[in-house]
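S.K.: Residue numbers (the working numbering), protein chains in the order written: chain A, -16 to 203; chain B, -16 to 203.
2 protein chains.
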Amino acid sequence: MSLVRVQNFSISLDGFATGEGISVDAPFGHAGERLHEWMFATRFGRAMFGGDGGSDGVDNAFAERHESLGIGAEIMGRGKFSASTGPWTDLGTDDEWRGWWGDNPPFHTPVFVLTHHPRPSIEMEGGTVFHFVDASPQEALALAREAAGDRDVRLGGGATSIREFLAERLVDVAHLVVVPIVLGRGIRLWDGLEGLEADYDVEQVSSPSGVVHLTFTRRG
Amino acid sequence: MSLVRVQNFSISLDGFATGEGISVDAPFGHAGERLHEWMFATRFGRAMFGGDGGSDGVDNAFAERHESLGIGAEIMGRGKFSASTGPWTDLGTDDEWRGWWGDNPPFHTPVFVLTHHPRPSIEMEGGTVFHFVDASPQEALALAREAAGDRDVRLGGGATSIREFLAERLVDVAHLVVVPIVLGRGIRLWDGLEGLEADYDVEQVSSPSGVVHLTFTRRG
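(1) Between which two residues does the beta strand (DSSP E) holding A:E20 run?
(2) Would you tell me roughly how many angstroms separate the C-alpha atoms of A:S65 and A:W84, rounded to the nearest one?
(3) Could you tell me which chain B residues have their CB closer than 9 Å to the CB of A:R168, listed as they occur along the chain?
(4) Helix, strand or coil, according to DSSP, for A:E106 in the structure here?
(5) Does DSSP put A:M59 in a helix, a strand or coil?
(6) Say whether the segment 101 to 111 of chain A touches the segment 24 to 38 of chain A, bearing in mind that this needs 3 or more beta-carbon pairs closer than 8 Å, one atom from each stretch.
(7) For B:G62 versus B:G141, is the C-beta distance shorter than 9 Å?
(8) Let's see if you can read the secondary structure: which residues bound the alpha helix (DSSP H) around A:P120?
(9) Can you confirm whether B:V194, when its beta carbon is compared against all beta carbons of chain A, has any partner nearer than 9 Å?
(10) Could you check whether the Cβ of A:P10 sits closer than 9 Å to any Cβ belonging to chain B?
(11) Please check if any C-beta of chain B sits within less than 9 Å of the C-beta of A:L197.
(12) Buried or exposed: A:P163, going by 16 or more other Cβ atoms within 10 Å of its Cβ?
(13) Pull out every residue of the segment 132 to 163 of chain A whose Cβ sits closer than 8 Å to any Cβ of chain D, in chain order.
(14) If I follow the unbroken alpha helix (DSSP H) through B:R146, where does it start and stop?
(15) Anything in the segment 16 to 31 of chain A with a Cβ closer than 7 Å to a Cβ of chain B? List those residues in chain order, please.
(16) So that I know if they touch, is there some Cβ in chain A lying closer than 9 Å to that of B:V188?
(17) I want to know whether the segment 169 to 176 of chain B touches the segment -3 to 9 of chain B - three or more CB-CB distances under 8 Å.
(18) Output yes or no for whether 9 Å exceeds the beta carbon distance between A:R54 and A:V160.
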């Protein structure tokens, strides 16, 4: 049975997964890159930008699973795909918006983007195809599972989608990364998840880099 | 120079230091004892209740500093001292309320309780004297420093007091303990502390017990 996974999802000490003031020029708002610096310092993160070196300890062990697990499909919220909200025509250039990741996004699978405003699918280089679906978490998961076959499904974010899927207990394994900053504002992961630990084994492992790897594994 | 310390202050993953529904019978509301079980499992925690044994690793190393540092005075919020709010006469038995800790509280020093409703000091067994002061954080700290002499001052909580003192950068060292539960509601520590990491070195260390010891040390 394939699993539904959250991987490398960074939050601040106060539980924010992104900041305020999100725009095309500031995909994480006032948080900037601070939530993801831990990953850029790993071998996996360096290689993403064509670099060499980087740490090869626990941070990298988690980070590189983004590729090495052979994920078969991704689900992401509109908020991960784009800085805009509402009808795509609200923003002048939005009909042309093809995500943050350039011509060859790092997914290489079907990606189901949750939105109340469906639009035609976009086929990118490298195997990524963005599909835009107005669907419940359960419906989106059925689509992704079918696309993924035997392989796992990644739930990519943002915080709102992950919160919704966790609330429905649709996530098998959630790997979060707690970064030692206090963001103060933005989009919070934890709201509405009271008692999550009743259905998950929770592990917290600190890294010498300063982050904590926080893993929720659904009980059998 | 004596330091102002927060010690062994437990919060949930979502940043709550206590739950909802606080009463004389439920000092932490719906959180119950879950935020403090890590301490009860240590040698220090067992000894508090006259027991033997208990863990003697990192959790105990932090926990026993509650005694071993030789703290000279404590500051606590009204919310740590009592389940009631407002004038002490609001609750029938409140004039008799002498804290949660029995005749010999585990402080053994002057304790300055922050309240807008001053009342006469209470001298307990074992050296604890509760003083009730309507004071700003700075004023309370001046009183506590004078009482403590060369020794350190403990800021005991609750979350509201710690948040206020941190916001004013009056805390030198804050040791928090992140317990792997999602409380969902209660009193949150982090609100209004955006950017705290700019003035503190932050360390996160995970314990085999499942908690993370999170330490803020003010930069020099």
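Yeah, the Cβ is synthetic: ideal placement off N, Cα and C, and Gly gets one too.
Quantities reported herein were computed from a predicted structural model and do not represent experimental measurements.
M.R.: On the basis of the data shown:
(1) A:E20 -> not in any beta strand (DSSP E); alpha helix (DSSP H) instead, spanning 20 to 23.
(2) 11 Å
(3) E177
(4) strand
(5) strand
(6) no
(7) yes
(8) 120 to 131
(9) yes
(10) no
(11) yes
(12) buried
(13) Of the protein chains in the structure, A and B, none is chain D.
(14) 142 to 150
(15) none
(16) yes
(17) yes
(18) The sequence given here has Ile at residue 54 of chain A, not Arg. Taking 9 Å as the Cβ cut-off, A:I54 and A:V160 do not qualify as a contacting pair.
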